[in-house]
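Under numbering that gives the first Met the number 0, the first residue of the sequence shown is numbered 0, with each subsequent residue one higher.
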Amino acid sequence: MKKIISTVLLTLLFTGCFDFPKEEMNNMFGDQHFKTAVALIELHKIRYGAYPETVDEIKFTGDWDKIIYSSVSYEKKGDGYTLIPTRGFIGKPNLSYPDEFYQGLGMQNRLVKSKNEEKVK
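Next up, the structure:
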């Protein structure tokens, strides 16, 4: 019975019968996945002294943390890394953060616009 109810709800959700803010949910999930990836990558650096070659190298992840494998694109670059959000709830999120968010991170070539950069344009 639970399986039937779940199937019906998912069908309604993905066929558009529920009117939910898709872009907002996409950004909300994308933000969570992106920040989870940053935290895990930076923790790896603290533990092992270097950023991981791939996200698969990250140890001690929880079940929910594994979502980063399909929601971000990570590439080690020298002493840092690039990180691109690739999936939120349904599609690619549109994220922005204040410059302060990047302080102390090894993220190079930021590909997520900062809120300050958006205001200039």
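In this text, a Cβ means the ideal position worked out from N, Cα and C, and glycines have one as well.
Under 8 Å between C-beta atoms of residue i and residue j
i: Pro51; j: Ser70; result: no
i: Leu125; j: Ile67; result: A query on residue 125 cannot be resolved here, the shown segment of the chain reaching from 0 to 120 and no further.
i: Tyr73; j: Thr53; result: yes
Beta-bridge partners of residue i, as assigned by DSSP
i: Thr81; result: Glu74
Proximity winner among the options, relative to residue i (alpha-carbon distances)
i: Lys91; options: Ala49, Ile3, Lys21 and Ile4; result: Lys21
i: Thr35; options: Ala49, Asp78, Gln102 and Leu82; result: Leu82
i: Phe88; options: Met24, Glu41 and Lys58; result: Met24
i: Lys65; options: Gln107, Tyr96, Gln31 and Tyr101; result: Gln31
i: Lys75; options: Gln107, Arg86, Tyr96 and Tyr101; result: Gln107
i: Arg86; options: His43, Pro97, Leu42 and Asn26; result: Asn26
i: Gly105; options: Phe28, Ile45, Phe59 and Ile4; result: Ile45
Cβ-based burial, residue i [other Cβ within 10 Å; buried from 16]
i: Ala61; result: The question names Ala, yet the displayed sequence has Gly at residue 61. Per the 10 Å Cβ criterion, exposed.
i: Phe33; result: buried
i: Gly48; result: exposed
i: Ile57; result: buried
i: Val119; result: In this prediction, Val119 has a pLDDT of 38, which is less than 50 and means its spatial position is unreliable; nothing more can be read from the coordinates.
i: Gly77; result: exposed
i: Gly103; result: exposed
i: Lys2; result: exposed
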